């Protein structure tokens, strides 16, 4: 009977919010255990968040690259559609030239515009000068890689000029690393 009385007493005390010292110590022990588990979970969560941030950073770069390639592809599909369905000879100038735009190496479809202008000019020498060539050869990289043109590419950055040499020297393109000024532009082109 005393077991039942003790049990009832404890139930009444708990219901009233009054607990024995032993119950308090037991609850305190359980709380400590929960706090330790919470600390472990917090550390694990922190590590997982750091890993997720790294993954998001890496994927973000890939996503931007993929988005850029898709835009490039979409523009070139539009170029093929224009080529297929527009009678470019019937278009007035400048639409005759603009309708031929496409992008291979240029930033904004200048490769096609440059090629259309070259066709109009009918330059027999097939030579160019590109000032501020960047890493892709600017608006003449396409002419060098795909049309057999040669010439001079100039860029102010030594690092970009080195990339240009690696990429275009096999096509007979000369590269100069120099900032272009009013005073030196003629000497750069003449050399």
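Residue numbers (my numbering): 1453 to 1643. We put the beta carbon where it would ideally sit given N, CA and C, even for glycine. Small disclaimer: the values here were computed from a predicted structure and weren't measured.
* Which of helix, strand or coil DSSP assigns to residue 1585 -> coil
* So, helix, strand or coil for residue 1603, using DSSP? -> strand
* Taking one C-beta from the stretch 1612-1630 and one from the stretch 1585-1600 each time, how about it: are there three or more such pairs within less than 8 Å? -> yes
* Report the rounded CA-to-CA distance for residue 1608 versus residue 1581, giving the unit in angstroms. => 14 Å
* Under a CB-based cut-off of 7 Å, is residue 1555 close to chain C? -> This model lacks chain C altogether; it includes just one protein chain.
* Mind checking whether residue 1551 and residue 1527 have CB atoms under 7 Å apart? -> no
* Compute the distance between the beta-carbons of residue 1630 and residue 1606, then report whether it is under 7 Å. => yes
* Asked: Three or more beta-carbon pairs under 8 Å between the stretch 1564-1583 and the stretch 1598-1605, yes or no?
  -> By the C-beta criterion, the stretch 1564-1583 is judged to be in contact with the stretch 1598-1605, since at least 3 inter-stretch pairs fall below 8 Å.
* **Neighbour-count burial assignment, residue 1565, 16 or more Cβ in a 10 Å radius** => That one is buried.
* Apart from the five residues just before and just after residue 1641, which ones in its own chain have a Cβ nearer than 6 Å to its Cβ? -> So the list reads 1581, once near-sequence residues are dropped.
* Which value, in whole angstroms, describes the spacing of the CA atoms of residue 1559 and residue 1499? -> 40 Å
* Asked: Among 1583, 1593, 1561 and 1619, which one has its Cα closest to the Cα of residue 1637?
  -> 1583
* Asked: What are the start and end residues of each continuous beta strand (DSSP E) run of 3 or more residues lying completely inside the stretch 1523-1572, in chain order?
  -> Correct list: empty.
* Would the C-beta of residue 1610 count as close to the ligand NAD, meaning under 6 Å from any of its heavy atoms? -> In the structure shown, the ligand NAD is absent, as is every other ligand, since no ligand is present at all.
* **Straight-line gap, residue 1482 to residue 1501 (C-alpha atoms, nearest Å)** => Each residue's Cα considered, the two are about 28 Å apart.
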